[in-house]
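Participant: Take a look at the following structure, please.
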Amino acid sequence: MFASRIIKSKIGVGCRLADNHGAFLMRSLDQMLALSPWTGGLSPDQLDRVKSDVVQREFAGGAYVCRKGEPTNAWIGVVDGLVKLNSESESGKAVTLAGIPAGSWFGEGSVLKRELRKYDIVTLRDSRIAFMPEATFRWLLDNSIPFNRFLLMQLNERLGQFIGMIEHERLLDPDARVARALASLFNPHLYPVTETKIQISQQEIGYLSGVSRQRVNQALQVLEKNGMLRVEYGGITVLDLAGLKRIGG
DNA sequence: GCATTAACAGCCG
DNA sequence: CGGCTGTTAATGC
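Right, here's the structure in full:
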């Protein structure tokens, strides 16, 4: 079962930016910060502090970035790769609450409420993760109105996304659920620049959309036939995002 | 009927 | 070899 597959994480390797790890180190933290909407409204020294406080770590695919129940001491950003918010029952059944592509920041809810992590955060493939210490996060909260605006937008956007998920789960057929689950990885507010090619297994799409892997396979083939995406080994390429969103009304 | 689980062969990296 | 894909068969709502 997927739960027991804990893969070692490579820790504390911000300095590895220097070595050539190939495509694995595609995106730098500086690039990611530049693309994050909330950095635009910061003063130069605020941005400086952010850059010196944020730390990065690399995680192999399938690794836990953090576990349910751990104290929340950082706001988390996906610099490169793909992670999921996951919840697992005692019997081992897993649900994915959200897939989080590169470029996005999340976990502000638990930081704001000073609560323990409510879900597992698991990498779906090799990923580089940024951690902004809670102190820095709170300092921005106290000192930057644009930062607060960004958080409001993000919380609002996510609320809409989760409401949509509940609606879709009850009203849409599996093909449409798969389509919407994939489209949700492309929310332009939450995820500024997601590449059209996503490396994610059909099994994971199943966890994300709430249907079986076999049914995901079937749905993907239908969507491919409709020209909305291309099915590839270990991933898909989205060709018609608007079309994916449109399915099922 | 339709989706799910289980099982398996074949392919990919 | 381990992981992923695409199929089929059996089972359940």
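Each residue of the first sequence is one higher than the one before, starting from 117 at the first, in the working numbering. Note that beta-carbon positions come from the ideal geometry of N, C-alpha and C, so glycine has one too. Here the structure is a predicted model, which is why all the values come from computation and not from measurement.
From which residue to which residue does the alpha helix (DSSP H) around Glu250 run?
Facilitator: That run of the alpha helix (DSSP H) goes 250 to 259.
Participant: When DSSP builds the beta bridges, which residues end up paired with Lys313?
Facilitator: Bridge partners of Lys313: Thr353.
Participant: Helix, strand or coil for Glu283 per DSSP?
Facilitator: It is helical.
Participant: Which whole-angstrom value is the C-beta distance of Ser243 and Val199, which I expect to be below 8 Å?
Facilitator: Indeed, because the Cβ distance is near 6 Å, the residues count as touching under 8 Å.
Participant: Go through its chain and collect everything with a Cβ distance to Gly351's Cβ below 7 Å, but skip five positions before and after it.
Facilitator: Within the same chain, Gly351 has close Cβ partners Lys313, Ile314, Gln315, Ile316.
Participant: For Arg183, tell me which candidate among Ala295, Trp191, Val238 has the shortest Cα-Cα distance.
Facilitator: Comparing Cα-Cα distances from Arg183 to each of Ala295, Trp191, Val238, the minimum goes to Val238.
Participant: Report the three-state DSSP secondary structure of Asp289 (helix, strand or coil).
Facilitator: It is coil, neither helix nor strand.
Participant: For the alpha helix (DSSP H) that contains Ile321, what are its first and last residues?
Facilitator: That run of the alpha helix (DSSP H) goes 318 to 325.
Participant: Would you tell me roughly how many angstroms separate the C-alpha atoms of Arg290 and Leu228, rounded to the nearest one?
Facilitator: Checking the displayed sequence, the identity of residue 290 turns out to be Pro instead of Arg. Taking the straight line joining both Cα atoms gives about 35 Å.
Participant: So, at 8 Å on beta carbons, what are the nonlocal neighbours of Gln337 in its own chain, with the 5 sequence-adjacent residues on each side left out?
Facilitator: Excluding sequence neighbours, Gln337 sits near Val347.
Participant: Which word fits Leu271, buried or exposed, when buried means at least 16 other C-beta atoms lie within 10 angstroms of its C-beta?
Facilitator: Under this definition Leu271 is an exposed residue.
Participant: May I have the straight-line CA-CA distance separating Asp236 from Glu204, to the nearest angstrom?
Facilitator: Taking the straight line joining both Cα atoms gives about 8 Å.
Participant: Suppose you measure from the CA of Val309 to the CA of Asp196; what does that come to, to the nearest Å?
Facilitator: In a straight line, the C-alpha of Val309 is about 11 Å away from that of Asp196.
Participant: Among the residues of its own chain, which have a CB less than 6 Å from the CB of Asn407, if the five just before and after it don't count?
Facilitator: Because the chain here runs from 117 to 365, residue 407 falls outside it and cannot be looked at.
Participant: Using C-beta distances below 8 Å, list every residue in its chain close to Gly185, excluding the 5 sequence neighbours before and after it, in chain order.
Facilitator: Excluding positions up to five away in sequence, the list reads Leu232, Arg233.
Participant: When DSSP builds the beta bridges, which residues end up paired with Thr239?
Facilitator: BP columns for Thr239 point to Val199.
Participant: Buried or exposed: where does Asn259 fall if 16 or more other Cβ atoms within 10 Å of its Cβ makes it buried?
Facilitator: Asn259 is exposed by the Cβ-count criterion.
Participant: Should Ala292 go down as buried or exposed, given a rule of 16 or more other Cβ atoms within 10 Å for buried?
Facilitator: Buried, by the Cβ-count rule.
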